[in-house]
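What follows is one structure encoded as structure tokens, with my remarks underneath.
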Amino acid sequence: MHLLLLTRYARLGSSSRIRFYQYLPYLESHGIQVTSAPLLDDRYIRNLYTNRPQNPLAILRAYVQRLAALLHSRAFDLIWLEKEALPWVPALGEALATHFAPSCVVDYDDAAFHRYDQHRNPFVRALLGGKIDAVMRRAALVVAGNDYLAARARQAGAARLEIIPSVVDADRYRPAPPRPPAGFNIGWIGAPVTAPYLRLIQPALATLCQRSDTRLTLVGAGRLAMEGVPLESRPWREATEVNELQQFDVGIMPLPDEPFERGKCGYKLIQYMACGLPVVASPVGVNRQIVEHGVNGFLANTPDEWVAALSALRDDPALRRQMGAAGRAKVETQYSLQVTAPRLRALLLATSN
440 MHLLLLTRYA RLGSSSRIRF YQYLPYLESH GIQVTSAPLL DDRYIRNLYT NRPQNPLAIL
500 RAYVQRLAAL LHSRAFDLIW LEKEALPWVP ALGEALATHF APSCVVDYDD AAFHRYDQHR
560 NPFVRALLGG KIDAVMRRAA LVVAGNDYLA ARARQAGAAR LEIIPSVVDA DRYRPAPPRP
620 PAGFNIGWIG APVTAPYLRL IQPALATLCQ RSDTRLTLVG AGRLAMEGVP LESRPWREAT
680 EVNELQQFDV GIMPLPDEPF ERGKCGYKLI QYMACGLPVV ASPVGVNRQI VEHGVNGFLA
740 NTPDEWVAAL SALRDDPALR RQMGAAGRAK VETQYSLQVT APRLRALLLA TSN
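Residue 702 in the numbering used here sits at position 263 of the sequence shown; the count goes up by one each step and never skips.
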């Protein structure tokens, strides 16, 4: 089988890397030939994360190249698409471009539809509010990262739907060897666009960091400051991210309970748990399924709940080890590449037939 992979980003884009590129070695070693054609290159992501202006000509060129890929897609057995072919363009354009294309599998790891139907501009809502629904409806298969996204696909009238969570390679993400105590390190990993969520728990972090043995380490947050919270911000690199995670004592994931955030797939929680860490997270969306309160971590909503959860973990190393082991076991059985890759391959093969 020869598959055309149309991702939103090149490998530096986390959604494309996690939902697509990490599967390619397995797929290609099991008889599926993949031709990748990302819409936006790594330069776009670097500009996005450093607040540099984007090059309009480069974006126009990317759209032209994507149209060319769609118009030549009949040479392939299947299209594997991330979210939509042409962002911010009505679905009619995609329908025309893919009229003679092969079957399409479309994948969602966030609530892309809310970028349109929740947009503050009424013109955007009117023109594009139903776009993602149309893409879902036309796809031979919709793959959703969680129940919230799957519910939208059902509402849109998707012909076929499967849920595959975002996962890690459990052979690569491993718990750290035991190390001497060196204070309590609260850790967060992500990107500059999601780092502002940390401000939701600034009062709790400020309270916790009043003790000199407690510190906050951020990986990939860029420049972020919070009053009363001393923190260390480190750059994200794919080659070093596991080592960075292994230095944490607990991993955190604060989120607002808003429509777009309910569609997130909780990937950072899975990263933490794979490295044998307990977690504390807001009870939003799929976080409620990933975090078993009191088993592999805690769900915390109010500042007092965040302080209580993190204080309990700070003061009880045995509890951290117990919860970390439970989280690692859950990743191995539910959130690992080793579990989902064979299933994904079977779905792609079945859809191409």
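Glycine included, each C-beta is placed from N, C-alpha and C at the ideal position. Fair warning: this is a prediction, and the values are worked out from it, not measured in the lab.
The stretch 499 to 516 makes contact with the stretch 440 to 459; the number of CB pairs closer than 8 Å reaches 3 or more. DSSP links VAL718 through a beta bridge to GLY690, GLY736. A straight line joining the alpha-carbon of ASP586 with that of GLN594 spans about 12 Å.
ALA621 sits away from ILE602, with the two beta carbons spaced by 8 Å or more. In this structure, DSSP gives PHE623 an extended state, which the three-state scheme calls strand. Assigned with DSSP and collapsed to three states, SER542 falls in strand.
DSSP, reduced to helix, strand and coil, places TRP745 within a helical segment of the structure shown. In this structure, DSSP gives LEU478 a state outside helix and strand, which the three-state scheme calls coil. With three or more CB-CB distances shorter than 8 Å, the stretch 654 to 664 counts as touching the stretch 629 to 636. According to DSSP, residue pairing for HIS441 in a beta bridge involves GLN472. With a beta-carbon spacing of about 12 Å, GLU521 and SER453 fall beyond the 8 Å limit used to define contacts. As the crow flies, the alpha-carbon of LEU487 is around 11 Å from that of LEU451.
For ALA583, the enclosing beta strand (DSSP E) stretches over residues 580 to 583. Between the stretch 741 to 757 and the stretch 567 to 578 there are fewer than three C-beta pairs closer than 8 Å, too few to call the two in contact.
Relative to the Cα of SER468, the nearest Cα in the group PRO781, LEU786, THR790, PHE687 belongs to PRO781. In this structure, LEU567 lies away from VAL544, with their beta-carbon atoms at least 8 Å apart.
Burial is judged here by how many other beta carbons sit within 10 angstroms of a residue's own beta carbon; GLU697 has fewer than 16 and is exposed. Exclusion of the five residues before and after ARG611 leaves VAL681 as the residues of its chain whose Cβ lies within less than 7 Å of its Cβ. Spanning the alpha carbons of PRO561 and ASN490 requires a straight line of approximately 26 Å. The Cβ neighbour count for SER791, taken over all protein chains shown within 10 Å, is at least 16; the residue is labelled buried.
The criterion of a C-beta distance shorter than 8 Å is satisfied by ALA550 and GLY702. Rounded to the nearest angstrom, the gap between the Cα atoms of VAL563 and ALA597 is 23 Å. The beta carbon of ARG753 sits closer than 7 Å to those of PHE623, THR653, all from its chain and outside the five residues before and after it, given in chain order. The beta carbon of SER475 sits closer than 6 Å to the beta carbons of LEU444 from its chain, once the five residues preceding and following it are set aside; these are given in chain order. In the displayed model, GLU521 falls within a strand according to three-state DSSP. Per DSSP, the unbroken alpha helix (DSSP H) holding LEU499 starts and ends at 495 to 510. By the C-beta density criterion, THR772 is exposed, having fewer than 16 other C-beta atoms within 10 angstroms. Taking 8 Å as the upper bound for CB-CB distance, GLY667 and ALA645 are in contact here, some 3 Å apart. Taking 3 residues as the shortest admissible run, the stretch 640 to 679 contains the following complete beta strand (DSSP E) segments, listed from N- to C-terminal end: 653 to 658, 670 to 673. Contact between SER605 and ILE729 is absent: CB atoms are separated by about 10 Å, not below the 8 Å threshold.
The Cβ neighbour count for GLU677, taken over all protein chains shown within 10 Å, is under 16; the residue is labelled exposed. The beta-carbon separation of ARG591 and ASP688, rounded to 37 Å, does not stay under the 8 Å limit for a contact.
In summary, LEU783 is buried, with 16 or more beta-carbon neighbours lying within 10 Å of its beta-carbon over all protein chains present. For LEU451, no beta strand (DSSP E) encloses it, and the DSSP letter there is neither H nor E. As a beta-bridge residue in DSSP terms, TYR547 pairs with ALA583. In terms of Cβ geometry, LEU647 and LEU670 do not form a close pair [threshold 8 Å].
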